[in-house]
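Residue numbers (this note's numbering): 276 to 486.
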């Protein structure tokens with residue numbers, strides 16, 4: 276992904292140079308000015324995305340580590356767990372821990388239903404963790420999620436600017452074509468021919484004048 280972004284960034288910079296060169300001869304062209312502004316914005320957005328790539332990779336690995344069981348459970352602990360019958364989360368109590376198989380036997384409070392689940396799926400009961408500050412790993416995971424959402428918004432903005440640049444590119448090409456036609460077009464002669472006979476007519480007139 277980083278390599279693709281780097282290539283795109285180089286392409287955007289080249290396009291910006293071309294637009295700036297065109298503006299040097301026509302600094303008031305609104306289409307070119309709009310294109311320049313869009314390119315500058317997309318360049319900054321791409322730079323931001325590139326700068327977040329390494330940190331996001333690190334945060335993702337730390338976020339994965341945060342999914343590993345960090346709570347030291349023991350028999351009698353209150354917890355919350357998902358009941359397999361309906362997929363909902365309920366308060367429960369740990370009845371037994373099988374460290375060899377990596378499972379915990381729990382009983383749902385008020386229901387008496389028993390369940391065997393990996394300790395990874397258990398969470399501290401609300402009354403025990405309501406005011407508990409987030410751990411470093413939880414903070415990293417939260418930051419990772421925030422950065423991903425932010426990067427997604429930037430990527431979406433780049434796509435929008437890309438569509439706008441396509442429209443601007445068409446206008447720019449039309450502008451260049453008009454400039455080329457103006458440069459190579461010759462004034463029409465009295466006979467209606469373009470660029471033909473004009474010099475000859477003047478030459479003949481000059482030599483027909485009385486000496």
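Don't be surprised by glycine CBs; every beta carbon is placed ideally from N, CA and C.
At the C-beta level, residue 396 and residue 357 come within 8 Å of one another. Contact between residue 307 and residue 297 is confirmed by a C-beta separation of about 6 Å, below the 8 Å threshold. Residue 370 and residue 428 have their C-alpha atoms spaced approximately 46 Å apart. Boundaries of the beta strand (DSSP E) around residue 391: 389-392. In this structure, the beta-carbon distance from residue 280 to residue 320 does not fall below 8 Å. For residue 279, the three-state secondary structure derived from DSSP is helix. DSSP, reduced to helix, strand and coil, places residue 349 outside both helices and strands of the structure shown, so it counts as coil.
Of the candidates 433, 373, 423, 347, the residue whose Cα lies closest to the Cα of residue 398 is 347.
Within the DSSP bridge table, the entry for residue 373 names 378 as partners. Just so you know, the alpha carbons of residue 315 and residue 430 end up roughly 15 Å apart.
Nearest in C-alpha terms to residue 390, of all of 400, 366, 401, is 366. Under the 10 Å beta carbon count, residue 355 is surrounded by 16 or more other beta carbons and is classified as buried. Residue 292 and residue 300 have their C-alpha atoms some 13 Å from each other.
Across the structure, residue 385 and residue 368 are spaced so that their CA atoms are roughly 10 Å apart.
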